[in-house]
Amino acid sequence: MSPQAIRPSSTPPASKVAVASVATAAATTHGTTAHGAVTHGAVTHGTTTVTAPSALTAPAVAPAATAAGGTTVVAAVTTAVTTAEPTRTTGTAPGPVAPGTTRPGTGTTRSALAPAAPTPAAAPPLAAAPRTPAVPDSEGQPGPTAALPGLPQALTSRARTLAGAVRRRCADLARIESPSGDATRLDALAEELADGFRATGATAHREPGPAGDHLVLQWDGRDESLPHLLVVGHHDTVWPAGTLADWPVTEQDGALSGPGVVDMKGGLAVLEGAFALLADLGQRPHRTVRLVVVSDEEVGSPDGRRLVERQLRGAGAVVGLEPPHPDGRLKTARRGSTRVRLTVTGREAHAGNDAADGVSAVDELVDQLVAVRGLVSLPGTELNAGRISGGSRANVVAGRAEAELGLRFATTEAQRRTLDNLARLTALRPGARVRTEVLSSRPAWPERSANPLLRHVRSLAAVLGQQLDGGPAGGAGDTNLPGSRGLPTLDGFGAVGAGAHARHEHIRIDQLAPRIALLAALLAVPLPRLRDRSEG
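Quick note on numbering: the numbering used here labels position 460 of the sequence shown as 441, and the sequence is numbered without any gaps.
In structure tokens:
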């Protein structure tokens, strides 16, 4: 059976949501729709409604009333909820289609989470809620959300309904192994992801890359005059092909574990669920949303960076799908990171008869690594010798050796000084040669005292009955780039869990529904003023 995508329902918001196949479009071909349970192998999963109390959930808070700039957004949100045009899922969208781009609704792929219908209908208007007074956020500022007429309840209820399908979608994505550098596997997953996102109304373009295709997707917004919201993610993982053989995707004790579930197939599934939720309610995002999914993030995005750079132009804000902190907090800053290859060339010789004629590249590399550790002494700077190789046989003096180093920096200045020191390395023994090569580099994204985007998301969370905050992170990612340039940036919108890059990697199933609802709210609700003299 093909992986299961998340399909918008055509049924009223209170109904259950079933799951239909996306990759093969078998149900479309035979004129049937899968209802109720979906079977994976010998295990049958029914639709799950999450009712467990959330660790991120607080008692419901009265919605706030005004944007950070003091402008009331009640009317805008009410209009979005009651009059928005349903997301297009059939037919051909007007306008030219770029090569390699598929319009939503073309081909045989049906729309995503629940029974597909010939003509999807918009959800009925949500009942108006009483106007409530403004509630300041935790910093004493007026919250950017207003008395959203029925929207918080609709998002929360529907997210709980979709959580089971999102869990299954994450498991299916994790079962498609996609190690960095394996173009065949990465391309297969890219097409699966494109199918799922097209089903929620996106146009999808596959951008060729040297080690696997990247994806660029777009959802048109209700107000296309606004700067777009950029979402960044990746579909490569650190796990080599074959890992599933001894570590299968498993659900146990409220957690889903497996290679890549938290970093970041869970985040991709949650975003698909958020767009499916909006489609269920007959909504589009408030502004245009662009999603870049790169195939090489785990090795520093050496090629994918150009796509992120391209989509940063004109962006009003940037959010990332990396996993949050284990307690659910978002990521408000990141250390810089650089991957460096240190290569040593020596001279081979017989290790018994002519050892004095040789120059051991392995010995030189070991001494160089000791010296490098001494150079990495600035506060907030860390070194990890992640991979070492060299030599050929025990009876041959090694003629070549190399190490791949991972460096982390708290500041741009520490990054610059450390890399300058590495570039000046010289051989410690006659006849050896040392070369340093920067493979990829990301600038430090510093913490900023004022963070209106975080304040906005905290207010959205409070309206949804969640408690949420943010803090800096030690790892690096594609959000380093916009964050380092001062663009409004937040990361950590992926699935809540822990253990990235480790054998205990997992996501918390009870936290899927809150994350789906939060992302859907972020997409649907107008952003406040995030920068001076900016509409975004």
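The beta carbon of each residue, even a glycine, is placed where N, CA and C say it ideally should be.
DSSP state of residue i mapped onto helix, strand, coil
{"i": "Ala384", "result": "strand"}
{"i": "Asn365", "result": "strand"}
{"i": "Phe390", "result": "strand"}
{"i": "Gly297", "result": "strand"}
{"i": "Thr319", "result": "strand"}
{"i": "His437", "result": "helix"}
{"i": "Arg112", "result": "Confidence is the limiting factor: at Arg112 the pLDDT is only 38, short of 50, which leaves the residue's position unreliable, though a coordinate-based value still follows. Note: Arg112 maps to coil in three-state DSSP."}
{"i": "Asp344", "result": "helix"}
{"i": "Glu303", "result": "coil"}
{"i": "Gln264", "result": "coil"}
{"i": "Leu210", "result": "strand"}
{"i": "Leu471", "result": "strand"}
{"i": "Arg512", "result": "coil"}
{"i": "Gly412", "result": "coil"}
{"i": "Arg405", "result": "coil"}
{"i": "Arg271", "result": "strand"}
{"i": "His21", "result": "Low local confidence applies: a pLDDT of 31 at His21 is under 50, so the model's placement there is unreliable, and no value is given."}
{"i": "Thr417", "result": "strand"}
{"i": "Ala192", "result": "coil"}
{"i": "Pro85", "result": "At Pro85, the pLDDT of 48 sits below 50, so the modelled position is not reliable and the matter cannot be decided from this model."}
{"i": "Val377", "result": "strand"}
Status (buried if at least 16 other CB within 10 Å, exposed otherwise) for residue i
{"i": "Asn334", "result": "exposed"}
{"i": "Glu205", "result": "exposed"}
{"i": "Pro495", "result": "buried"}
{"i": "Ala483", "result": "exposed"}
{"i": "Gln233", "result": "exposed"}
{"i": "Thr218", "result": "buried"}
{"i": "Gly467", "result": "exposed"}
{"i": "Thr142", "result": "buried"}
{"i": "Glu554", "result": "Nothing about residue 554 can be reported from this structure: the residues present for the chain run from -18 to 517 only."}
{"i": "Asp459", "result": "buried"}
{"i": "Val506", "result": "buried"}
{"i": "Asn376", "result": "exposed"}
{"i": "Ala502", "result": "buried"}
{"i": "Gly455", "result": "exposed"}
{"i": "Gly263", "result": "buried"}
Check whether residue i and residue j have beta carbons under 7 Å apart
{"i": "Asn365", "j": "Arg423", "result": "no"}
{"i": "Thr181", "j": "Ala260", "result": "yes"}
{"i": "Leu210", "j": "Arg265", "result": "no"}
{"i": "Glu394", "j": "Arg322", "result": "no"}
{"i": "Ser282", "j": "Gly193", "result": "no"}
{"i": "Leu500", "j": "Ala144", "result": "no"}
{"i": "Gly451", "j": "Leu293", "result": "no"}
{"i": "Val213", "j": "Gly301", "result": "yes"}
{"i": "Leu493", "j": "Arg148", "result": "yes"}
{"i": "Pro304", "j": "Gly475", "result": "yes"}
{"i": "Ala457", "j": "Arg320", "result": "no"}
{"i": "Ala171", "j": "Gly239", "result": "no"}
{"i": "Ile497", "j": "Ala152", "result": "no"}
{"i": "Ala298", "j": "Leu434", "result": "yes"}
{"i": "Arg518", "j": "Ser318", "result": "There is no way to answer for residue 518, as the model of the chain reaches only from -18 to 517."}
{"i": "Leu511", "j": "Pro453", "result": "no"}
{"i": "Ala257", "j": "Arg150", "result": "no"}
{"i": "Glu158", "j": "Arg166", "result": "yes"}
{"i": "Gly361", "j": "Ala337", "result": "no"}
{"i": "Ala413", "j": "Glu345", "result": "yes"}
Residue i: CB within 6 Å of a non-hydrogen atom of the ligand MN
{"i": "Gly452", "result": "The model depicted lacks the ligand MN and carries no ligand whatsoever."}
Beta-bridge pairing of residue i - partner residues as DSSP gives them
{"i": "Arg548", "result": "For the chain, the structure presents residues -18 to 517; residue 548 sits outside this window and is missing."}
{"i": "Thr218", "result": "Pro160"}
{"i": "Arg328", "result": "Val340"}
{"i": "Val197", "result": "His186 and Val273"}
{"i": "Trp228", "result": "Per DSSP, none; premise fails for Trp228."}
{"i": "Leu311", "result": "Gly451"}
{"i": "Arg370", "result": "With the sequence shown as reference, residue 370 is identified as Ser, and Arg is not the correct amino acid for it. Answer by DSSP bridge pairing, in chain order: Glu383."}
{"i": "Ala479", "result": "His487"}
{"i": "Ser422", "result": "Thr319"}
Stretch-stretch touch, CB-based, cutoff 8 Å, three pairs: the stretch 327 to 343 with the stretch 376 to 388: They touch, by the three-pair rule.
The stretch 440 to 450 touching the stretch 183 to 195, judged by at least three CB pairs closer than 8 Å: Short answer: they don't touch.
Inter-stretch contact (C-beta, 8 Å, three-pair minimum) for the stretch 357 to 375 and the stretch 409 to 420: no
Touching by the beta-carbon criterion (3+ pairs, under 8 Å), the stretch 348 to 362 and the stretch 401 to 411: yes
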